[in-house]
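Numbering (the UniProt record's numbering), first residue to last: 1 to 592.
Laid out in structure tokens, this is it:
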């Protein structure tokens, strides 16, 4: 592989590596052996580019090896003063950090790349860094900033005539518009990116655009256009030997036909996708397909087959320790058991699901707190570094005065000024740090309160679900007991009802929920009573549930009263407060 080929290839590698929305082609693994030879035998910048490209491949297989290669490339780039190599290396490290959900580190590495690329007038590096920045902002939900990143990157890509980067920036803007619920604008950018891909003969990109158009059509509910675009994408990925993207299209086609109730064709595509995922050793994808096939059997009324296929999906999810997939499969398992009338098994599956959900929520909360702490530490270090630089600059200015004729006088003056300045800087820095610490403390408290509110909402949802499920079971059993042809003794039915009531005590009670609420909003109840002393205990309970933004139907389920009773209570409440509508009541309560 010649040096010029590697330089072109490296931009393709780290550009695709940073892009989370587009799959990486499996066929790109072929040049690995050639790259290893260049790493061993090459020299200069060509060897560095080969190391970086090899790291781009290996990060999907062995992160430690990829990081070791990047450390090697950074060391060589530094010794050869090859700053473009540093830019590319930092972007690969940013990719790894992004996949580990370490957004603070990712942002820092991208900023380093952009700064150095600007200094060196490295336009390829700058537009690639802007692409990475845009993708990171998409993952953070900062869509306006992401669009600006891609617009700036697109302008630079057009200046240097890089069709691949032009197409990628344009397509990513389409993805953002799609996420914002603007399908027409999204399709306009997708079609523009398709023209770019066709003009530059970027076959793989053409397939990716058709895939994106298919997803966009699905979001609009246009299944015919969805299937048509998927069918255009599939032969492109097969011809380009991009097995991973081909598997995605096959799975999407299966789901599209499932929605059309064409279960035969849906199963055909799922079977092809299953073969593809097995070939790629993509166990997560295999688990997803078994779940989808189980849903088809469920729709066809074959609950036994649905249970068996869903059990396969559950086994794989547990084998690969994918908690979210396990939760999804367990949730569907509850539905199957309910349909078969296996109430005890349904309760056990639901309990396992709820336990996993609590673990997932707890880990997510811990991760958010860790990210905030890391961000706080980084900002504090940057402030300390900035203060140190200011002090050093001041010292340098004072030293220049020592070279003047009035050396002795200047020395005395400088010492006095320096002492006063240092004291002032120390005091100002102390006050500034105290203010910063206070602001971050308040911010962290606010975040912790938000986390408690989310936890409270989850517990409320749990109350609704458990109440609805147990009431459903009891109603079904009562109806069963009233039937004359019922073969189950009424005493046995009564035992099952009593069993359900005992088991329901294992779940969260209203009193436990009230304690959780008081932890999150300790002064809400007392403040409300002070403002409106005439409220009844039931109206106070309703106010608590309105405070966490529950709908009337959910309030009725939790309090075990009718929907109309909730509406009447709300009507009495807003009249007591001299308000005009339920909406005004909700606003009033949310402000307390």
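Backbone N, C-alpha and C define an ideal beta-carbon position, used for all residues, glycine too. Please read all numbers here as calculations on a predicted model, not as lab measurements.
Nearest-angstrom Cα separation, counted from residue j out to residue i
i, j, result
"residue 557", "residue 346", "20 angstroms"
"residue 572", "residue 182", "41 angstroms"
"residue 130", "residue 592", "43 angstroms"
"residue 512", "residue 195", "59 angstroms"
"residue 124", "residue 543", "58 angstroms"
"residue 19", "residue 380", "For residue 19, the predicted model reports a pLDDT of 46, less than 50, meaning its position is unreliable and no value from the coordinates is stated."
"residue 211", "residue 230", "6 angstroms"
"residue 407", "residue 430", "33 angstroms"
"residue 54", "residue 85", "13 angstroms"
"residue 45", "residue 66", "18 angstroms"
"residue 517", "residue 509", "12 angstroms"
"residue 159", "residue 589", "56 angstroms"
"residue 148", "residue 60", "29 angstroms"
"residue 21", "residue 376", "The pLDDT assigned to residue 21 is 36, lower than 50, so where the model puts this residue is not dependable; a value taken from the coordinates is nonetheless given after this. So the two alpha carbons sit approximately 30 angstroms from each other."
"residue 415", "residue 79", "42 angstroms"
"residue 145", "residue 199", "29 angstroms"
"residue 57", "residue 369", "32 angstroms"
"residue 587", "residue 535", "17 angstroms"
"residue 418", "residue 383", "21 angstroms"
"residue 555", "residue 575", "20 angstroms"
"residue 100", "residue 94", "10 angstroms"
"residue 428", "residue 139", "37 angstroms"
"residue 316", "residue 264", "25 angstroms"
"residue 162", "residue 150", "14 angstroms"
"residue 50", "residue 165", "20 angstroms"
"residue 246", "residue 89", "30 angstroms"
"residue 476", "residue 286", "36 angstroms"
"residue 583", "residue 567", "12 angstroms"
"residue 82", "residue 114", "15 angstroms"
"residue 552", "residue 563", "7 angstroms"
"residue 550", "residue 432", "41 angstroms"
"residue 530", "residue 141", "40 angstroms"
As assigned by DSSP and simplified to three states, the class of residue i
i, result
"residue 594", "As displayed, the chain neither begins before 1 nor continues past 592, which places residue 594 out of reach and without an answer."
"residue 115", "helix"
"residue 523", "coil"
"residue 341", "coil"
"residue 247", "helix"
"residue 182", "coil"
"residue 569", "helix"
"residue 25", "In this prediction, residue 25 scores a pLDDT of 37, lower than 50, which makes its location untrustworthy; the coordinate-derived value is nonetheless stated afterwards. Coil at residue 25, not helix or strand."
"residue 49", "helix"
"residue 300", "coil"
"residue 562", "coil"
"residue 100", "coil"
"residue 431", "helix"
"residue 587", "helix"
"residue 315", "helix"
"residue 548", "coil"
"residue 161", "coil"
"residue 221", "coil"
"residue 506", "The pLDDT assigned to residue 506 is 46, lower than 50, so where the model puts this residue is not dependable; a value taken from the coordinates is nonetheless given after this. The answer is coil: DSSP assigns residue 506 none of H, G, I, E or B."
"residue 73", "helix"
"residue 330", "helix"
"residue 280", "coil"
"residue 536", "coil"
Cβ separation of residue i and residue j, assumed to be a contact under 8 angstroms, to the nearest whole Å
i, j, result
"residue 310", "residue 289", "12 angstroms between Cβ atoms; not a contact."
"residue 223", "residue 253", "Incorrect: roughly 11 angstroms between the Cβ atoms, too far for contact."
"residue 249", "residue 203", "Their Cβ separation, rounded to whole angstroms, is 15 angstroms, which puts residue 249 and residue 203 out of contact at 8 angstroms."
"residue 291", "residue 328", "7 angstroms"
"residue 356", "residue 320", "With a Cβ gap of about 15 angstroms, residue 356 and residue 320 do not count as contacting."
"residue 256", "residue 238", "Rounded, the Cβ-Cβ distance is 18 angstroms, inconsistent with contact."
"residue 330", "residue 305", "About 18 angstroms; that fails the 8 angstroms criterion."
"residue 540", "residue 528", "7 angstroms"
"residue 299", "residue 314", "Their Cβ separation, rounded to whole angstroms, is 19 angstroms, which puts residue 299 and residue 314 out of contact at 8 angstroms."
"residue 213", "residue 187", "7 angstroms"
"residue 76", "residue 48", "5 angstroms"
"residue 296", "residue 267", "6 angstroms"
"residue 453", "residue 520", "6 angstroms"
"residue 569", "residue 538", "6 angstroms"
"residue 193", "residue 215", "Going by Cβ atoms, the distance from residue 193 to residue 215 rounds to 14 angstroms, so no, they are not a contact pair."
Heavy atom of the ligand FMN within 6 angstroms of residue i beta-carbon
i, result
"residue 100", "Among the ligands in the structure shown, none appear at all, so the ligand FMN cannot be discussed."
Cβ of residue i within 7 angstroms of any chain D Cβ
i, result
"residue 562", "Going by chain labels, chain D is absent from the structure shown, which holds only one protein chain."
Flag this pair as touching only if the stretch 388–395 and the stretch 350–363 have three or more C-beta atom pairs under 8 angstroms; answer yes or no.
-> Not touching, per the Cβ criterion.
Quick check: the stretch 114–121 against the stretch 153–168, are there 3 or more CB pairs under 8 angstroms?
-> Flag = no, the stretch 114–121 and the stretch 153–168 do not touch.
Is the stretch 165–174 close to the stretch 126–145, with three or more CB pairs under 8 angstroms?
-> Pairwise C-beta distances place the stretch 165–174 in contact with the stretch 126–145, as three or more of them are shorter than 8 angstroms.
Determine contact between the stretch 105–112 and the stretch 69–77, defined as no fewer than three beta-carbon pairs at a distance below 8 angstroms.
-> Contact between the stretch 105–112 and the stretch 69–77 is absent, because fewer than three Cβ pairs lie under 8 angstroms.
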